[in-house]
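Residue numbers (the numbering used here): 178 to 786.
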C-alpha cells in the first residue's frame, strides 16, 4: 500500500476519534459527581479521573465530605464562575475560596511560630485583590511577603493613638467585603460588639491590584513594646471586627481563614473553547447595540492559545464551560437584588432579558376609540354614498317616468271609469327581479323594435316583458293613449297587455306569457310538431286571427289597426289557439274619421292580408 493511501486512512479514522475526544469532556463531565458534602463542584473542576479538564482542577473528596484542591492541598469552601459579562467590561475570572493557615507568634507556650505561604506559580490561579491583610494583637506589624516590590502591611498598637497610613497599601482601613454573607469573624461569632479594625489592637491593609501567585504573611515585633503577647496575621476575604486584642488566642486556636483565589482556563486542548459555542469578545463587541436579539449566551476571552476565561452574558446564568449550560434568567420570578424590575405593570420574561408590560389602559382605550370612530366614519361615508346613489336613482326614475308620459298615463287610467285596475304601472325594480336583471338566459325573442324576456312576478304569474330599443319622444302622448286603449282590450285571441314600466330610459311593456311560441316557428322550424299538419288546426288558427282583427277594427272602443300581421306576431297557447301580439306599430282611429293615411310600417316586404 502506498504512503498516500496510508495517510488518507489515518486521516479518515482520526477525524471521528478527535471529535469523540473533544465531546467526551462535556459528556463525561455531566455524568461525574457534582458535589462533595455540601459543596458544589462544577466543571472544569471534577472529582475522579476524567471528570476534570486538567490536573489543576482535580478535587479530592476526603471522607466524601471535605473537598480539597489537589494541586495545592487546600480545603475548598466554594467554587463560582465569573459574573455575567457586560459588553462594557472585560470577561472576569472565576472564584474558588479555600482555607489557609493563620500566621501566629507568641501564642503557644513553646514559642513556636506558625506561618503561611501560598505558592501558585505555574497554576491557573492567583490571589484575588478582594482579600485583605489583617493583623491582630498589640505591637503587631503584619506584612505580605513575595508581593513584587510593594510594601503591603499594617501596624497595630494597644494605645488610643491610631496608626496612620504609610503608603497606599500600608494603612488602617475598613474591610469592605463584596458579595459575602456574615463573616465568621463578626462579633456575632466572637461574642463581642462590632468595632472597626482601626489600628488599636487590629489593623488592615488592602491587596495590590495585580496578579499575585506567591503570597506569604509574616509578623514583626516592635522592639519598643515590652508586653509581647499573642499576635496573629492572615490574608482573608471575610469581614473582621474586633473590640480588643484578646481574640488572638481564639484565632490561633482556630488555625485557618478563608482566602479567595481567582481561576481561569489553562489547557493544551485548543479545541475545547471553540467547542463551547461561545462568541469571542471581538465578535461580541461587533454585534449591534441590540445584541440581546442575537441570543448570545456566553463569551470567551482567549487571546492566547492555552489560556482563556469564559462567562455567561448578561441575562444568563450557569456554567459557561459546558455546552448549552448558560440558561436564561427569569428575572420576573427570582427577583434578583439589583435588577431594575418593574415598579409598574407586569414583568414579562424574555430570552436574555425582560420587559415591563404596563397596565395603563389609556393607549388601549385610545386605540379602540379611534378604531370605533373610524368604523363609524367609514360606515357613515358608505351610508351617505348609498343614500346619494339611491336619491340619484330615484330622481332619474322620476325623470324617466315624467318624460315617458307617466303622469298622463295615470290621469288617463283614473279618468277611464271601470278600468282603473286593468292596467298596472310596474316599477323597474319589480321587472329587474322578475327577469333576473334582464338576464340573457331569459330572452324569448328579439326583433327590430326590442327584446322580449320571460319573467315571473312576485305573485307567481309568468309574463313576457318587452323592452324597446328606441323611443320616439314626439309620439309619447300617442303611446300613452294606445296603452290605455290596449289595456281595455279583453279578447281571447289577443295577447293581454298587463301593464307597463315608465321608470326606465325606454318604456317597458308587460304581456301575458304564451307558452307555445309563435306560428312562424311551428310552420318553418324543425319542431317535430305534427299538430300543424291538419287543415282543421290551420283553419282554426286563421279563424282566430280573423276574429281578433275583426274585434280590433270594429268592436273596440276605438278602432285599432295592427299594421304588422305576420306569422311571428301570431302566438299559440297550450291549446294551439291563436293570439295576436306585438302592437308596437298599431294605430288607433277615432270614430269620426272615415280614413287614415299612414307611412309604411311593420316588416318590409310584408302586407296585411
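C-beta: ideal position from N, C-alpha, C; glycine also.
Would you call residue 214 buried or exposed, if buried means 16 or more other Cβ atoms sit within 10 Å of its Cβ?
-> The residue in question, residue 214, is exposed, as its Cβ has fewer than 16 Cβ neighbours within 10 Å.
Run through DSSP, which three-state label would residue 445 get?
-> coil
Looking only at DSSP bridge pairs, what is residue 631 linked to?
-> 641
Just the C-alpha distance for residue 371 and residue 239, rounded to the nearest angstrom, thanks.
-> Confidence at residue 371 is low in this model, with a pLDDT of 40, below 50, so the placement of that residue is unreliable and no value is reported for it.
Note the first and the last residue of the continuous alpha helix (DSSP H) segment covering residue 425.
-> 425–431
Same chain only: Cβ atoms within 8 Å of residue 750, ignoring 5 sequence neighbours per side = 691, 692, 693, 756
Pull up the distance between the alpha-carbon of residue 443 and that of residue 424, whole angstroms please.
-> 41 Å
Label residue 488 either buried or exposed according to how many other C-beta atoms from any shown protein chain fall within 10 Å of its C-beta, with 16 as the threshold for buried.
-> buried
Look at residue 210 and residue 216 and say whether their C-beta atoms are less than 8 Å apart.
-> no
My understanding is that residue 273 touches residue 438, with C-beta atoms under 8 Å, so please give their C-beta distance in whole angstroms.
-> 5 Å
Any beta strand (DSSP E) of 3 or more consecutive residues that is wholly inside the stretch 475–510 = As far as the stretch 475–510 is concerned, its whole beta strand (DSSP E) runs of at least 3 residues are 475–478, 484–489, 493–495, 503–505.
Based on the DSSP output, what are the partners of residue 685 in its beta bridges?
-> For residue 685, which the question treats as bridged, DSSP gives the partners 644, 678.
Evaluate residue 576 with the Cβ neighbour count: other Cβ atoms within 10 Å of its Cβ, from every protein chain shown; 16 or more gives buried, anything less gives exposed.
-> Exposed, since its Cβ has fewer than 16 Cβ neighbours within 10 Å.
Would DSSP call residue 611 helix, strand or coil?
-> Helix.
Residue 407 beta carbon less than 8 Å from that of residue 281 | yes
Measure the alpha-carbon distance for residue 510 versus residue 535 and round it to whole angstroms.
-> 17 Å
Nearest neighbour of residue 297, chosen from 306, 225, 389 [CA to CA] | Taking only the C-alpha atoms, the option nearest residue 297 is 389.
Same chain only: Cβ atoms within 6 Å of residue 235, ignoring 5 sequence neighbours per side = 229, 247
Excluding the 5 residues preceding and the 5 following residue 323 in the sequence, name in chain order all residues of the same chain whose CB lies nearer than 7 Å to its CB.
-> Same-chain partners within the cutoff: 391, 392, 393.
From the DSSP output, which residues share a beta bridge with residue 748?
-> DSSP lists 695, 756 as partners of residue 748.
Contact under 8 Å by Cβ, residue 699 with residue 709 = yes
Residues in its own chain within less than 7 Å of residue 278 by CB, not counting five upstream and five downstream?
-> 291, 293, 432, 433
Report the three-state DSSP secondary structure of residue 247 (helix, strand or coil).
-> coil
Looking at the structure shown, is residue 535 part of a helix, part of a strand, or coil, going by DSSP?
-> coil
Between 254, 477, 672, 556, which lies nearest to residue 687 when the distance is taken from Cα to Cα?
-> 672
Per DSSP, residue 411 is paired with what?
-> 311
Does DSSP put residue 461 in a helix, in a strand, or in coil?
-> helix
Residue 441 versus residue 387: straight-line alpha-carbon distance, rounded | 15 Å
Buried or exposed: residue 171, going by 16 or more other Cβ atoms within 10 Å of its Cβ?
-> In the structure displayed, the chain extends from 178 to 786; residue 171 sits before or after that span and is not available.
Quick one: what does DSSP say residue 294 is sitting in, helix, strand or coil?
-> strand
Top-ranked residue by Cα proximity to residue 260, from 295, 618, 713, 476 = 476
How many Å lie between residue 377 and residue 332 at the Cα?
-> The straight-line gap from Cα to Cα measures roughly 9 Å.
Could you tell me which residues DSSP pairs with residue 217 in its beta bridges?
-> DSSP lists 212 as partners of residue 217.
In three-state terms, what does DSSP make of residue 261?
-> coil
Run the CB neighbour count on residue 522, radius 10 Å, all protein chains shown included, and call it buried at 16 or more, exposed below.
-> exposed
What three-state label does DSSP hand residue 375 in the structure shown?
-> coil
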